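Every position in the sequence shown, counted from 1, becomes a number in this note's numbering once 95 is added. Beneath this line is the structure, given in structure tokens, with notes to follow.
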Amino acid sequence: MTRRTIPFACLALLTAITLGCGSEGEDAPTTAAPSAKGGFAVTIDGQSFAIDYATGKTTVDLVHKLNSDANGYGCITSLRIRMSRDDDTCPLTLRYEPKGGELQLVEASFGAIEPIEQAGAVIGSRTCAGFPGTDGGGAIVYKLAGGTGTLSTPPLGPGEANQEQATLKGRTLSPKGTIQLQHKGKLFDLDTSAIVVSGDLVSTGSTTVSCGTAVGIDLCPQGVTYGAALGEHIRRPGDAYACTDAGAYDLGEFCGKPLMLFTYQHWVANPSRNPDGHENFSGKAILQGMAGLVDKYGSDIAFAIVVLSGSQKVVVENPAQPGTYQASGPAPTQADCDAIRTAYGIPEDVVMLYDQDKVLNGTDKRLVGVNFTPSMLTADSQGKIVALLPAEDGKMELSAVEAAIEAAIAAN
Numbered sequence: 096m097t098r099r100t101i102p103f104a105c106l107a108l109l110t111a112i113t114l115g116c117g118s119e120g121e122d123a124p125t126t127a128a129p130s131a132k133g134g135f136a137v138t139i140d141g142q143s144f145a146i147d148y149a150t151g152k153t154t155v156d157l158v159h160k161l162n163s164d165a166n167g168y169g170c171i172t173s174l175r176i177r178m179s180r181d182d183d184t185c186p187l188t189l190r191y192e193p194k195g196g197e198l199q200l201v202e203a204s205f206g207a208i209e210p211i212e213q214a215g216a217v218i219g220s221r222t223c224a225g226f227p228g229t230d231g232g233g234a235i236v237y238k239l240a241g242g243t244g245t246l247s248t249p250p251l252g253p254g255e256a257n258q259e260q261a262t263l264k265g266r267t268l269s270p271k272g273t274i275q276l277q278h279k280g281k282l283f284d285l286d287t288s289a290i291v292v293s294g295d296l297v298s299t300g301s302t303t304v305s306c307g308t309a310v311g312i313d314l315c316p317q318g319v320t321y322g323a324a325l326g327e328h329i330r331r332p333g334d335a336y337a338c339t340d341a342g343a344y345d346l347g348e349f350c351g352k353p354l355m356l357f358t359y360q361h362w363v364a365n366p367s368r369n370p371d372g373h374e375n376f377s378g379k380a381i382l383q384g385m386a387g388l389v390d391k392y393g394s395d396i397a398f399a400i401v402v403l404s405g406s407q408k409v410v411v412e413n414p415a416q417p418g419t420y421q422a423s424g425p426a427p428t429q430a431d432c433d434a435i436r437t438a439y440g441i442p443e444d445v446v447m448l449y450d451q452d453k454v455l456n457g458t459d460k461r462l463v464g465v466n467f468t469p470s471m472l473t474a475d476s477q478g479k480i481v482a483l484l485p486a487e488d489g490k491m492e493l494s495a496v497e498a499a500i501e502a503a504i505a506a507n
């Protein structure tokens with residue numbers, strides 16, 4: 096066998112090509128894996144525990160809305176942070192989804208004793224050494240029980256949003272808010288703002304995910320004029336109560352999406368208790384057609400009904416004109432809400448509210464600046480009133496309602 100010798104110059108050239116040496120060689124891309132700073136401290140049953148995730152493992156899972164436009168943007172639809180010690184014990188998991196223009200915490204857990212599963216069967220466990228209450232064994236996983244957590248992070252930009260696997264260089268995630276984690280009878284507070292995660296993140300693109308409905312009080316404009324007239328903003332909070340749980344309801348919850356708001360006196364639609372009233376009152380067709388309106392426009396506008404009175408007619412003296420009397424109705428109840436929803440087949444997508452304290456008939460608090468009942472308004476996504484019905488003739492036709500809805504949608 097003949098041995099061939101490679102000249103030194105050629106060997107040097109091959110080495111340079113292989114290693115990419117020299118001024119024209121390209122540096123290999125570098126990535127900075129996500130890492131955490133901070134943690135939490137807790138005292139349970141007189142025992143204290145503290146952890147700093149800076150010396151452990153951190154993973155971040157991201158999903159974004161895939162945008163076919165290379166120059167477009169893509170919202171983050173899911174963000175999950177998991178931190179643990181190096182041995183994978185003491186895992187804290189925080190998962191966020193979009194709502195109200197930012198990411199909100201929807202799921203959280205801490206594994207004091209975390210089961211290890213394989214093919215659906217528990218084959219072992221990982222114990223967080225030093226955490227109170229872990230001496231007895233068994234699975235102990237604390238889960239989200241209350242509080243509010245948020246996370247603000249920009250969407251994926253051009254060159255990122257159109258990628259199925261996008262690397263987001265040098266991102267910093269700063270959770271906010273104090274939450275409660277609970278396991279059976281044990282509960283502790285965790286301040287998420289004590290944690291910061293930074294590094295390069297990888298996001299998976301998907302066409303089947305949703306960016307969520309960006310609505311809520313946080314989207315309401317500041318320093319505006321509230322009232323009931325055209326061009327003013329819907330009065331907040333509004334002094335109405337949710338028919339579902341009798342809780343005070345801030346009308347700012349609709350900010351971020353156009354709104355149709357229908358105010359309704361229950362007593363006017365009850366001929367047996369209001370013999371001089373109207374079985375075919377103006378606006379009845381709107382209530383009967385509410386399901387059709389929701390089907391047609393529900394993806395673009397929110398719907399709400401505010402019940403202003405109960406169903407029984409009462410006659411009271413007009414305080415502004417002593418000796419004169421006017422018909423009215425008692426304060427509404429949740430039962431009135433249920434009766435109206437049933438009578439007219441109001442879809443569950445329509446938010447039902449009621450004037451529990453009967454204060455929304457006064458000119459300083461009324462929601463719709465029209466001297467008729469029923470009445471309604473439509474507003475743009477900022478809560479600015481775009482249309483009021485009925486007109487001066489007191490009639491409220493379905494075609495006019497549709498025009499008002501379309502004007503609110505177009506105003507955005």
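No residue lacks a Cβ here, since even glycine has one placed at the ideal position from N, Cα and C. Just so it is clear, the structure is predicted and the values come from calculations on it, not from any experiment.
**Cα-Cα separation between Ala243 and Phe349, rounded to whole angstroms** = Going by the sequence as given, residue 243 is Thr instead of Ala. Distance between the alpha carbons of Thr243 and Phe349: 19 Å.
Got a sec? Which residues, its chain only, sit under 6 Å from Ala234 by beta carbon, not counting five neighbours each side? Counting only residues of its own chain and dropping the five nearest sequence neighbours on each side, Ala234 has a CB closer than 6 Å to the CB of Ile208 and Pro210.
Which term fits Leu282, buried or exposed, when burial requires 16 or more other beta carbons within 10 angstroms of its beta carbon? Residue burial is scored here from C-beta neighbours: Leu282 has fewer than 16 other C-beta atoms within 10 angstroms and is therefore classed as exposed.
Asp183 to Arg221 span [Cα, whole Å]: Approximately 8 Å, taken between the alpha carbons.
Discussion item. Ignoring anything shorter than 3 residues, give me the beta strand (DSSP E) runs that lie fully in the stretch 271–326, in order along the chain.
Written reply: Listed in chain order, they are 273–278, 281–286 and 291–301.
message = Going by DSSP in three states, Tyr168 sits in which element: helix, strand or coil?
response = Reduced to three states, the DSSP call for Tyr168 is coil.
Could you tell me the distance, in whole angstroms, from the CA atom of Ala240 to the CA atom of Pro193?
-> In a straight line, the C-alpha of Ala240 is about 19 Å away from that of Pro193.
* Identity of the residue in Gly254, Ala380, Glu197 and Ala335 nearest Cys306 by Cα -> Per the C-alpha coordinates, the member of Gly254, Ala380, Glu197 and Ala335 positioned closest to Cys306 is Glu197.
Thr273 versus Pro253, Thr245 and Lys279, residue with shortest Cα-Cα distance: With distances taken between Cα atoms, Thr273 lies closest to Thr245.
Q: Pull up the distance between the alpha-carbon of Met471 and that of Val201, whole angstroms please.
A: So the two alpha carbons sit approximately 35 Å from each other.
Report task. In the DSSP assignment, find the unbroken beta strand (DSSP E) run with Asp330 in it and report its ends. Result -> With the sequence shown as reference, residue 330 is identified as Arg, and Asp is not the correct amino acid for it. Run containing Arg330: none; DSSP gives neither H nor E here.
Unbroken beta strand (DSSP E) run spanning Val454, endpoints = Neither: Val454 is in no beta strand (DSSP E) and is coded neither H nor E.
message = Comparing C-alpha positions only, which one of Lys271, Pro427 and Gly167 sits nearest to Leu251?
response = Nearest C-alpha to Leu251: Gly167.
Exercise for the section: Check whether the Cβ atoms of Pro442 and Val389 lie closer than 8 Å to each other. Expected result: Contact: yes.
#### Entry: Other residues of its chain near Gly384: CB distance less than 7 Å, five sequence neighbours each side excluded
These residues qualify, in order along the chain: Leu493.
field: Spatial neighbours of Gly151 in its chain, beta-carbon cut-off 7 Å, leaving aside the 5 residues before and after
entry: Met178, Ser179, Arg180 and Asp181.
**Prompt:** Distance, Cα to Cα, Ala430 vs Thr339?
**Reply:** One Cα belongs to Ala430, the other to Thr339, and the distance between them is close to 10 Å.
Item to check | Option in Ile329, Asp147 and Ser130 with minimal Cα separation from Val137 | outcome: Ranking Ile329, Asp147 and Ser130 by CA distance to the CA of Val137 puts Asp147 first.
Requested in this report: Whole angstroms is fine: what's the gap from Trp362's alpha carbon to Gly424's?
Outcome: Approximately 6 Å, taken between the alpha carbons.
Note to self: Since Thr358 and Val463 should fall inside the 8 Å C-beta cutoff, what is the C-beta to C-beta distance between them, to a whole number of angstroms?
What the structure shows: Contact flag correct, Cβ pair sits at about 5 Å.
> With burial defined as no fewer than 16 other Cβ atoms inside 10 Å of the residue's Cβ, what is the status of Gly186: buried or exposed?
Replying inline: Note that residue 186 is Pro in the sequence shown, not Gly. Residue environment for Pro186: buried (at least 16 other C-beta atoms within 10 angstroms of its C-beta).
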